[in-house]
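S.K.:
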Amino acid sequence: MADTPSRGAVEEMISFYSRFDPATYLSDLETACRRQDGRSNKQLRPLKLLQGVLQKSTAGSSLAKIGDTKVLAGVSLQVGQPGEDSPEKGEIGVEVNLLPLCHPKFSSIQAQQEESKALENFVQSVLLRCNVVRREDLCIVEGRHVWKLNVDLQCLSHDGSLADACVLSALLALADVTLPVTIVDTDEKVVVLHDRPPRRLEMARFPIPLTIGFHADMLLGDLSLAEEERIPTRLRIAVDCETGQLCTLQKLGGVSMASEHLDSAVALCGARQKQFLLERDLRQDKS
């Protein structure tokens with residue numbers, strides 16, 4: 001009678017397949033219902049969220065950890081002029097920094113720039129399309145002066161679902177922002193009243209993201225980097241923190257998906273929503 005292979009031996013075999021035969025790896029994964037890191041198909045990695053980690057140097061900051069993926073966010077404030085098409089609204093900009101220290105795949109400038117741009121566009125679209133902040137709240141004087149929030153995202157380590165970590169870190173940093181009380185003097189300059197308490201920036205909506213892989217009618221929640229590189233069909237989904245309603249959905253490459261698979265993917269994102277709410281409650285209990 002053959003000996004039962006140890007868990008380490010099974011994971012080593014799965015790792016071998018993932019490197020040399022992705023199709024076989026995914027087929028075996030569907031049968032075994034266990035992934036390279038030991039998770040089941042729909043099991044998410046631990047989520048850790050910290051707020052106010054850079055209090056002295058930023059207007060708002062946070063650190064988001066999804067498994068071994070870590071993203072640090074800092075928000076800076078700048079007074080500027082509003083756009084002509086929205087004179088009563090402030091602006092939110094996003095910059096993502098990727099260095100070889102977070103993963104060797106970013107050793108070339110081209111790789112850094114391409115991935116950074118894609119992440120910046122995704123985070124920006126989530127922030128604006130989901131209306132996470134009422135941009136009217138950033139108005140100082142309509143048509144003349146508004147607050148411009150610059151969200152700087154620094155990837156500290158990358159092991160998949162980097163877009164999710166960027167969105168969560170950006171949202172938490174924005175929720176940490178306080179806006180100074182200001183007046184406009186006779187020279188049309190905005191003056192900060194340091195003797196007045198600042199006001200907290202209110203979040204109108206808080207979308208919770210999840211990256212999901214799809215292969216042969218199988219959904220994989222919270223993809224690792226190795227899985228992202230081998231699964232061509234991926235979804236980026238976000239649901240509202242409070243209601244669980246779908247906020248945004250982005251499909252990246254691969255095959256078409258039936259509506260029931262999309263419904264299952266949204267339901268799977270609900271697991272990340274519950275994970276976030278639990279983490280939020282723990283942070284509030286400690287504060």
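Using UniProt numbering, you'd call the opening residue of the sequence shown number 1 and step up by one each time. For each residue, glycine too, the CB sits at the ideal point set by N, CA and C.
1. Applying the 10 Å Cβ sphere with the 16-neighbour rule, what's the burial state of L179?
2. When the Cβ atoms of the segment 102-114 are set against those of the segment 53-64, are three or more pairs found closer than 8 Å?
3. How many Å lie between F20 and R230 at the Cα?
4. Using the Cβ count rule (16 or more neighbours within 10 Å means buried), how would you classify D281?
5. Residue ranges of each alpha helix (DSSP H) run of no fewer than 4 residues wholly in the UniProt domain "Exoribonuclease phosphorolytic" (43-180), ordered along the chain?
6. For C269, which of helix, strand or coil comes out of DSSP?
7. Can at least three beta-carbon pairs, one atom from the segment 192-212 and one from the segment 88-96, be found at a separation below 8 Å?
8. Mind pulling the beta strand (DSSP E) runs of 3 or more residues that sit fully within the UniProt domain "Exoribonuclease phosphorolytic" (206-267)?
9. Using 8 Å as the Cβ pair cut-off and three pairs as the minimum, do the segment 117-136 and the segment 166-174 touch?
10. Which of helix, strand or coil does DSSP assign to R200?
11. Please classify C269 as buried or exposed, where buried requires at least 16 neighbouring CB atoms within 10 angstroms.
12. Can you tell me the Cα-Cα spacing of A258 and V190, whole angstroms?
13. Under 8 Å: do the segment 144-152 and the segment 37-44 share three or more Cβ pairs, one atom per stretch?
14. Does the distance from the CB of L63 to the CB of G160 come in under 9 Å?
15. Which residues share a DSSP beta bridge with T182?
M.R.: So, to answer that:
1. The count along the sequence shown starts at 1 and reaches residue 179 at position 179. Of the residues assessed, L179 falls on the buried side of the cut-off, its CB having 16 or more other CB atoms within 10 angstroms.
2. Touching, no, given that fewer than three Cβ pairs across the two stretches are closer than 8 Å.
3. One-based indexing of the sequence shown puts residue 20 at position 20. One-based indexing of the sequence shown puts residue 230 at position 230. With a pLDDT of 49 at F20, under the threshold of 50, the predicted position of this residue should be treated as unreliable, and no value is reported.
4. Start at 1 with the first residue of the sequence shown, and residue 281 comes out as number 281. Its Cβ having fewer than 16 others within 10 Å, D281 is exposed.
5. Counting only runs of 4 or more, we get 109-129, 162-175.
6. Counted from its first residue, the sequence shown places residue 269 at position 269. The answer is helix: DSSP assigns C269 an H, G or I state.
7. Contact between the segment 192-212 and the segment 88-96 is not established, with fewer than three Cβ pairs separated by less than 8 Å.
8. As far as the UniProt domain "Exoribonuclease phosphorolytic" (206-267) is concerned, its whole beta strand (DSSP E) runs of at least 3 residues are 207-215, 218-221, 233-240, 246-252.
9. Yes, they touch.
10. Reading the sequence shown from its first residue, position 200 is the one you call residue 200. Here R200 sits in strand by DSSP.
11. Position 269 of the sequence shown, counted from the start, is the residue given in the question as residue 269. Looking at its Cβ environment, which holds 16 or more other Cβ atoms inside 10 Å, C269 is buried.
12. Residue numbering aside, residue 258 sits at position 258 when the sequence shown is read from its first letter. Residue numbering aside, residue 190 sits at position 190 when the sequence shown is read from its first letter. So the alpha carbons of these two residues sit roughly 54 Å apart.
13. Contact annotation: the segment 144-152 does not touch the segment 37-44, with fewer than three C-beta pairs closer than 8 Å.
14. As a first step, residue 63 is located in the sequence shown; it is residue number 63 there, counting from the start. As a first step, residue 160 is located in the sequence shown; it is residue number 160 there, counting from the start. No. Outside cutoff.
15. The sequence position of residue 182 within the sequence shown is 182, counting from 1. Under DSSP, T182 takes part in a beta bridge, and its partners are V192.
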